[in-house]
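Protein chains in written order, with this note's numbering: chain R, 673 to 919; chain F, 673 to 919. The beta carbon of each residue, even a glycine, is placed where N, CA and C say it ideally should be. On a predicted model such as this, the values are computed, not experimentally measured, just so you know.
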DNA sequence: TATGTAAGGTTGTATTGACAACTTTACTGA
DNA sequence: TCAGTAAAGTTGTCAATACAACCTTACATA
């Protein structure tokens with residue numbers, strides 16, 4: 673079985689399409705290996721770097737995962753989780769009936785207004801204020817799903833560093849301990865390649881993108897009391913949202 | 673100037689980091705070329721394939737664009753557009769004061785219930801119904817930004833194929849002609865690699881991801897009367913959303 | 001001065017080859 | 001039967017080389 677070297681379509685794209693079809697049709701089974709790079713090179717009469725270019729595409733699409741020394745595996749399709757409605761992340765996960773575990777990557781730390789002013793990615797409403805910052809990793813069914821890097825206005829959330837912030841919805845903590853409820857949010861969505869620490873926490877492959885959501889939460893008159901950068905693996909879980917008109 | 677070949681960090685990642693720093697610090701200017709692959713290979717004493725591996729990363733991150741025969745260019749950062757609140761896409765763009773142009777890629781076509789039932793990606797609420805389908809490309813400031821592939825319930829939107837659907841908010845058409853207003857939406861967000869036609873319309877590089885949003889719109893009692901797959905280039909524009917609590 | 005052509009420069013695709021770092025498998029000895 | 005070790009197989013990184021397909025630049029001619 674060979675590829676068409678007279679075709680204007682590059683060989684690596686032809687091979688990628690063959691492999692993609694094989695995955696979709698079940699020829700290659702989820703959680704099992706596809707043939708090794710050397711075997712594919714022989715089968716299709718092309719070089720191993722060209723095979724790697726083809727599998728690079730499918731790794732990036734979230735269909736395959738390479739494991740050094742072991743092989744190249746077919747990944748399962750993503751599950752669906754409502755994450756971007758205003759219910760709060762851990763609450764949404766509990767509703768979705770997936771086993772979820774949240775752990776702190778960084779415990780809450782108090783940042784002075786000077787320190788905050790050096791962090792240019794924070795919204796203007798938070799500049800020049802003291803903030804608590806913390807990072808959490810949430811795994812679903814034992815698999816890393818999302819990382820949250822949160823900033824909370826220190827004045828509003830005094831004492832939060834003494835609370836248990838693992839395996840518990842932040843919105844519940846905010847509600848139970850501070851008697852606040854989010855009333856609105858501004859979010860933006862983009863594709864990014866997270867910094868190394870976040871990529872490692874999410875178990876991302878080299879140059880694998882993540883969905884990045886910047887979320888600024890408003891609590892009635894307390895505008896922008898919480899800011900959160902969320903990094904999601906959309907290849908493992910599909911993140912959804914329900915919204916309604918507010919009029 | 674050389675890379676550290678004794679480092680455990682691969683050479684291509686070291687070079688990528690050097691180039692990224694150069695872009696962020698302004699050493700390499702937006703809309704101008706970085707040094708050619710051969711020049712970088714000489715400068716850093718590495719092979720051209722290794723240089724290409726490094727620039728591959730930055731192309732994927734949306735920092736660089738390669739143009740065959742011309743060079744490798746630094747791309748400008750994305751602009752911010754509110755797209756995922758419930759205001760409707762073209763209306764949101766008008767509000768953002770970017771020059772926007774919307775053109776049909778496919779005019780509305782009526783799909784029979786049989787044809788609809790073969791399209792597995794549509795939500796269950798739409799199966800077994802006659803639908804109009806159409807595709808639109810929206811460009812902002814002359815640059816392809818998003819593609820919408822829409823499905824509208826035929827009973828509800830009879831006659832829509834006779835309306836002008838270019839350069840006009842669908843939500844306005846729906847409002848003016850059918851006296852309907854979206855009251856809620858279910859959306860999900862993921863990173864995808866669109867099919868060729870969509871990728872071409874968006875001017876995506878090979879294996880460049882797009883943000884994919886599936887949106888099901890509800891019009892009061894008319895649940896799920898419009899379904900839309902939206903593919904966005906988040907490297908050119910940053911897409912945002914404002915949501916509020918509905919209680 | 002403008003147009004056309006050729007040469008040079010640039011990125012895109014592909015091959016062959018080598019070695020490192022890892023996992024898996026098979027065999028041997030206690 | 002179990003543990004340890006070596007060999008084989010797998011992916012990851014790197015390089016040289018070649019040719020194709022494109023763009024840019026410079027020069028010549030009308």
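Check	Outcome
According to DSSP, residues forming a beta bridge with residue 705(R)	745(R)
Closer than 7 Å to chain R by CB, residue 881(F)	yes
Supposed close pair residue 676(R), residue 717(R) - CB separation, criterion 8 Å	At roughly 11 Å, the Cβ-Cβ gap does not stay under 8 Å, so residue 676(R) and residue 717(R) are not in contact.
Complete alpha helix (DSSP H) runs within the segment 677-733 of chain F (minimum length 4 residues, chain order)	683-697, 709-716, 720-732
Cα-Cα separation between residue 721(F) and residue 790(R), rounded to whole angstroms	37 Å
Separation of residue 710(F) from residue 683(F), as counted between CA atoms	16 Å
Residue 860(F) versus 829(R), 822(R), 914(R), residue with shortest Cα-Cα distance	914(R)
Contacts that residue 733(R) makes with chain F (C-beta to C-beta distance below 7 Å)	865
Every unbroken alpha helix (DSSP H) within the segment 771-820 of chain R, with a cutoff of 4 residues, ordered by chain	785-789
Chain R contact residues for residue 790(F), given Cβ-Cβ distances below 9 Å	The contacting residues do not exist; residue 790(F) stays about 15 Å from chain R at best.
Test: residue 862(R) CB closer than 7 Å to a CB of chain F	yes
The segment 780-800 of chain R contacting the segment 866-880 of chain R, beta-carbon criterion three pairs below 8 Å	no
From 702(R), 781(R), 892(R), 707(R), residue whose alpha carbon lies closest to that of residue 723(R)	707(R)
7 Å Cβ cutoff, residue 681(R) in contact with chain F	no
For residue 783(F) and residue 805(F), believed in contact at Cβ under 8 Å, the rounded distance	6 Å
For residue 756(F), the three-state DSSP class (helix, strand or coil)	coil
Test item: CB-CB of residue 772(R) and residue 809(R) under 7 Å	no
Proximal residues to residue 916(F) (C-beta, below 6 Å), its chain only, five neighbours per side dropped	none
Contact check, residue 750(R) vs residue 880(R), beta carbons under 7 Å	no
C-beta atoms of residue 886(F) and residue 907(F) nearer than 7 Å	no
Close-in-space but distant-in-sequence residues of the same chain around residue 799(R) (CB under 7 Å, 5 per side omitted)	788, 789
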